[in-house]
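Quick notes on the structure that follows.
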Amino acid sequence: MRHPEYAYLDLLRYILDHGVKKEDRTGTGTISIFGYQMRFDLSKGFPLLTTKRIPFKLVASELLWFIKGDTNIRYLLEHNNHIWDEWAFKKWVESEEYDGPDMTDFGLRAAQDEEFAKIVDEQMKIFHEKVLTDDAFAEKYGDLGPVYGKQWRSWPGVNGETIDQLKNVIEQIKRNPNSRRLIVSAWNPAEVEDMALPPCHTLFQFYVAEGKLSCQLYQRSADVFLGVPFNIASYALLTHLIARECGLEAGEFIHSFGDTHIYLNHLNQVKEQLSRKPRPLPTLKINPEKKSVFDIELDDLSIEGYDPHPTIKAPVAV
């Protein structure tokens, strides 16, 4: 049987073989395709990539942050998660209150200049400390605007009320599993401009058949080397958690893409990853005492049997 991870590795190869060069918002440049789909049978193991190490605790803490409806990076920093740092940091260094070294295009410059990267690290440490210890600063610069958690749990309604999409969809799965409306959307046109980063994973839909819960994600924009491995594991975890609460088995995770790209400064890393052979997928463990997805904490989640190849580092395009 072909290893499930080849669904992802085949995507990397397909972009290298068929992608076109495009300019992008970050100024980095990409090789891009439009439209692609991967499928993962969740009964074959938890799809945490093995051809490079993916830190499960970062995946899990980010997902729990979404589930809590949180939009401030303080929770992430408290759990040593720095996935969203650059977007919040950018908000601070572009403000009138910032009086440190020039941080213009800090992401690109740090990737090209080791000395400047050290300066960025120093300023980032200052930023972290302020977010963690100063409530007013955290509220102003740690908040990313109405990103995923806000849309999942507090979508603004027309009459001033809010809609808890995630809670509603779980109740629908329990009450009417054959519904074709088991959808959660993060793309809110009225609030996109207020978000630090408009949602890349924009909409997901659940499907129940033969006692199994499957999930399909539509991702409008996909950083395939850095971002997509996290997205695969995150939505697989979400599917497991909701299936468990609803008394179902986890079925498939289907990942559908719009603009699917590899950044030009990730090409060497991609080639290194493609040279590696996948290893057995790990197993997900969930605290059996926690029944509701809304009660899960980070310590309730773990994986067993994970023996990946080493980490492959690459710069984030901001």
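Position 107, counted from 1, in the sequence shown is what UniProt numbering calls 107; the numbers after and before it change by one each time, with no gaps.
Yeah, the Cβ is synthetic: ideal placement off N, Cα and C, and Gly gets one too.
Bear in mind that the values here come from a model prediction, so they are computed numbers and not experimental data.
- Message: Among the candidates S214, W155, E122, whose CA atom is the shortest distance from the CA of F66?
- Response: Looking up residue 66 in the sequence shown gives position 66. Considering only alpha carbons, the answer is W155.
- Message: Just to confirm before moving on: does the CB-CB distance between T28 and K22 stay below 8 Å?
- Response: Translated into positions along the sequence shown, residue 28 becomes position 28. Translated into positions along the sequence shown, residue 22 becomes position 22. Contact flag unset, no.
- Counting pairs of beta carbons, one from the segment 162–180 and one from the segment 125–142, are three or more of them closer than 8 Å? Output reads no: the segment 125–142 does not touch the segment 162–180.
- What is the C-beta distance between T71 and G160, in whole angstroms, given that I count them as a contact (C-beta under 8 Å)? As a working mapping, residue 71 is identified with position 71 in the sequence shown. As a working mapping, residue 160 is identified with position 160 in the sequence shown. With a Cβ gap of about 19 Å, T71 and G160 do not count as contacting.
- Every unbroken alpha helix (DSSP H) within the segment 135–164, with a cutoff of 4 residues, ordered by chain: Entirely contained in the segment 135–164, the alpha helix (DSSP H) runs reaching 4 residues are, in chain order, 148–154.
- the segment 193–200 touching the segment 211–230, judged by at least three CB pairs closer than 8 Å: Cβ pair count under 8 Å is three or more, so yes.
- Delimiting residues of the beta strand (DSSP E) encompassing G258: In the sequence shown, the residue the question calls residue 258 occupies position 258. Start and end: 249–263.
- Task: Given a cut-off of 8 Å, decide if P278 and H3 are closer than it, judged by their beta-carbon atoms.
- Result: Residue numbering aside, residue 3 sits at position 3 when the sequence shown is read from its first letter. Residue numbering aside, residue 278 sits at position 278 when the sequence shown is read from its first letter. Contact: yes.
- Item | Contact check, A60 vs L301, beta carbons under 8 Å | Sequence index remark: in the sequence shown, residue 60 carries index 60 (1-based). Sequence index remark: in the sequence shown, residue 301 carries index 301 (1-based). Yes, they are a contact pair.
- How should T51 be labelled, buried or exposed, when 16 other C-beta atoms within 10 angstroms of its C-beta is the threshold for buried? Your numbering for residue 51 matches position 51 in the sequence shown. By the 10 Å Cβ count, T51 comes out buried.
- Presumed contact (8 Å Cβ cut-off) between L11 and Y36, rounded CB distance: Indexing the sequence shown from 1 puts residue 11 at position 11. Indexing the sequence shown from 1 puts residue 36 at position 36. The C-beta distance from L11 to Y36 rounds to 6 Å, short enough to fall under 8 Å.
- Do the CB positions of H240 and L182 come within less than 8 Å of each other? Reading the sequence shown from its first residue, position 240 is the one you call residue 240. Reading the sequence shown from its first residue, position 182 is the one you call residue 182. No; because the gap between Cβ atoms is not below 8 Å, this pair is not in contact.
- Segment limits, beta strand (DSSP E) that includes T283: One-based indexing of the sequence shown puts residue 283 at position 283. Residue range 283–286 is occupied by the beta strand (DSSP E) that includes T283.
- Item | Contact belief for L166 with R180 at Cβ below 8 Å, rounded distance in angstroms | As a position in the sequence shown, residue 166 is number 166, starting the count at 1. As a position in the sequence shown, residue 180 is number 180, starting the count at 1. The C-beta distance from L166 to R180 rounds to 18 Å, too long to meet the 8 Å contact threshold.
- Message: Cutting at 7 Å between CB atoms, please list the residues of its own chain near W84, excluding the five before and the five after it.
- Response: Working through the sequence shown from its first residue, we reach residue 84 at position 84. Excluding five sequence positions before and after W84, the CB atoms of its chain that fall closer than 7 Å to its own CB belong to I73, L76, L144, given in chain order.
- How far does the alpha helix (DSSP H) with I232 in it reach, from first residue to last? The residue given as residue 232 occupies position 232 in the sequence shown. Start and end: 227–245.
- If you draw a straight line from the alpha carbon of P189 to that of G258, how long is it in whole angstroms? Within the sequence shown, the letter at position 189 stands for residue 189. Within the sequence shown, the letter at position 258 stands for residue 258. Their backbone Cα atoms lie some 17 Å apart in a straight line.
- Query: Exposed or buried, R244, counting other C-beta atoms within 10 Å across all chains shown (16 or more means buried)?
  - Reply: Numbered from 1 along the sequence shown, position 244 holds the residue referred to as residue 244. With 16 or more Cβ atoms within 10 Å of its Cβ, R244 is classed as buried.
- Distance, Cα to Cα, W87 vs V316? Translated into positions along the sequence shown, residue 87 becomes position 87. Translated into positions along the sequence shown, residue 316 becomes position 316. Cα to Cα, the separation comes out at about 11 Å.
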